[in-house]
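Enquirer:
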Amino acid sequence: MVRIRVLVVDDHRIFAESLAAALAAEPDVDVAAAGSGPAALRCLERGAAEGRKFDVMLIDADLGTALAPGGAAPHAVAVAVPDNGAEQDGLVDGISLVAGVRTGQPAVRTVVLAEKDDPRRAALALQAGASGWVAKDCSLQRLLAVIRGVLRDETHLPPALLTGVLRELTAARKHRTESERLVESLTPREREVLRCMVAGLGRKAVAERLFLSPHTVRTHMQNVLGKLGVHSTLAAVALARRAGVGPADLTAGDVVERGGQLA
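Residue numbers for the sequence shown follow my numbering, so the first one is 16 and each next one is one higher.
(1) Residues in the same chain with beta-carbon distance under 6 Å from alanine 87, minus the five sequence neighbours each way, listed in chain order, please.
(2) Of the choices Leu38, Val21 and Leu225, whose alpha-carbon is the least far from that of serine 154?
(3) Pick out the complete alpha helix (DSSP H) segments inside the stretch 225-257, 4 residues or longer, and give them in chain order.
(4) With H, G and I counted as helix, E and B as strand and the rest as coil, what does DSSP make of glycine 217?
(5) Taking the C-alpha atoms as reference points, what is the distance between aspartate 108 and alanine 114?
(6) Valine 116 by DSSP, collapsed to three states: which one?
(7) Quick one: what does DSSP say arginine 28 is sitting in, helix, strand or coil?
(8) For glycine 259, which beta-bridge partners are listed by DSSP?
(9) If I follow the unbroken beta strand (DSSP E) through valine 149, where does it start and stop?
(10) Which residue from Ala253, Gly244, Arg210 and Ala250 puts its Cα closest to that of valine 232?
(11) Please tell me whether alanine 76 and valine 123 are closer than 8 Å, where the distance is taken between their beta carbons.
(12) With DSSP as the reference, label alanine 129 as helix, strand or coil.
(13) Can you list, in chain order, the residues of its chain whose CB lies under 6 Å from that of alanine 31, leaving out five sequence neighbours each side?
(14) Is the beta carbon of valine 180 less than 8 Å from the beta carbon of proline 134?
(15) I need the straight-line Cα distance from arginine 257 to alanine 214, nearest angstrom please.
(16) With the cut-off set at 8 Å, would you say isoleucine 110 and valine 71 are in Cβ contact?
(17) In angstroms, rounded to a whole number, what distance separates the CA positions of methionine 212 and threonine 118?
(18) Assign valine 17 to buried or exposed, taking buried as 16 or more other Cβ atoms, counted over all protein chains shown, within 10 Å of its Cβ.
(19) Between the alpha carbons of aspartate 104 and alanine 253, how many angstroms are there, rounded?
(20) How many whole angstroms separate the CB atoms of valine 208 and valine 221, which I take to be in contact at a CB cut-off of 8 Å?
(21) Using the three-state DSSP reduction, which class does valine 165 fall into: helix, strand or coil?
(22) Could you tell me the alpha carbon to alpha carbon distance between glutamate 195 and alanine 138, rounded to whole angstroms?
(23) Tell me the DSSP secondary structure of valine 123 in three-state form.
(24) Taking the alpha helix (DSSP H) that leucine 141 falls in, what are its first and last residues?
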């Protein structure tokens, strides 16, 4: 019998343990539980190292956990869904974890478990790489059908959400196209500066990295904000992420700054 390895990720212990126990009663399911994003990533890594990879992750949409310094695979959970409010001051929610798993272990199917239907968040989950969005109060048989379905590369959504999710995905594509057009208006040097901004580098750090004067970097940053039609570095970064602009590669000497205004 081919067994399905499932990882339940939820920071409500009673729910996680109850769901894990119910799934474990199935003859073809092996299940484990994790109470945080970093713990889930450690489970994935340990399973892969032991030759017992997980097939499906069930992730709480409202999962919220702080990344510990030096925690497991921080690079993975850094792949946040653009502009969804999921990642602030080192906090990672369930949808951001979906994106990290998609980047770090793309073979693992992810299903988001939600307290309520939300077309916008469901669309964000699909964009992040989720294969399904399921209500937490659905029946065990329904959840098992979803688990087995996503392993056949099916995408599962509640029928009541379908129209709203399609509307959200269409709108997201429109915003992405507009963002791409704005980014294309930048010069090569301005795009380089924008990638540094996406990486969280301040004006001095960008100047040192690109061998420019701080005054020149400030001018480039002002030009970037003007061409993108935004008024803060946070808004510029959100737009850049929607357009698919990745961060500049950081080195040991780079100093990452926080804050939404032009340095």
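All C-beta atoms in this analysis are idealised placements derived from N, C-alpha and C, irrespective of residue type, glycine included.
Expert: According to the data block:
(1) Any answer about alanine 87 is weak, because its pLDDT of 34 lies below 50 and its placement is not dependable; what the coordinates show is given next. Result list for alanine 87: Pro53, Leu56 and Arg57, in chain order.
(2) Here the closest residue by C-alpha is Leu38.
(3) Listed in chain order, the alpha helix (DSSP H) elements of length 4 or more contained wholly in the stretch 225-257 are 229-243 and 248-257.
(4) Look at glycine 217 here: in three-state DSSP terms it is coil, with no helix or strand label.
(5) The C-alpha of alanine 114 is placed about 10 Å away from the C-alpha of aspartate 108.
(6) Valine 116: helix per DSSP, three-state reduction.
(7) DSSP places arginine 28 within a helical segment (H, G or I) once states are collapsed to three.
(8) Answer by DSSP bridge pairing: none, since glycine 259 is not bridged.
(9) Note, valine 149: beta strand (DSSP E), 147-150.
(10) The shortest C-alpha separation from valine 232 is found at Arg210.
(11) In this structure, alanine 76 sits away from valine 123, with a CB-CB distance that is not shorter than 8 Å.
(12) Here alanine 129 sits in strand by DSSP.
(13) Val23, Asp25 and Ala48.
(14) Cβ distance < 8 Å, so valine 180 and proline 134 count as in contact.
(15) Distance from the CA atom of arginine 257 to the CA atom of alanine 214, rounded to whole angstroms, is 15 Å.
(16) Contact: no.
(17) Cα-Cα distance, rounded: 22 Å.
(18) Exposed: under 16 other Cβ atoms inside 10 Å.
(19) Residue confidence is low: aspartate 104 scores 32 on pLDDT, short of 50, so the model does not pin down where it sits. Its coordinate-derived value is still stated next. Pairing aspartate 104 with alanine 253, the inter-Cα distance amounts to about 15 Å.
(20) About 6 Å separates the CB atoms of valine 208 and valine 221; that is less than 8 Å, so the two are in contact.
(21) In the structure shown, valine 165 sits in a helix (DSSP, three-state: H, G or I).
(22) One Cα belongs to glutamate 195, the other to alanine 138, and the distance between them is close to 20 Å.
(23) Reduced to three states, the DSSP call for valine 123 is coil.
(24) Segment 134-143, the alpha helix (DSSP H) holding leucine 141.
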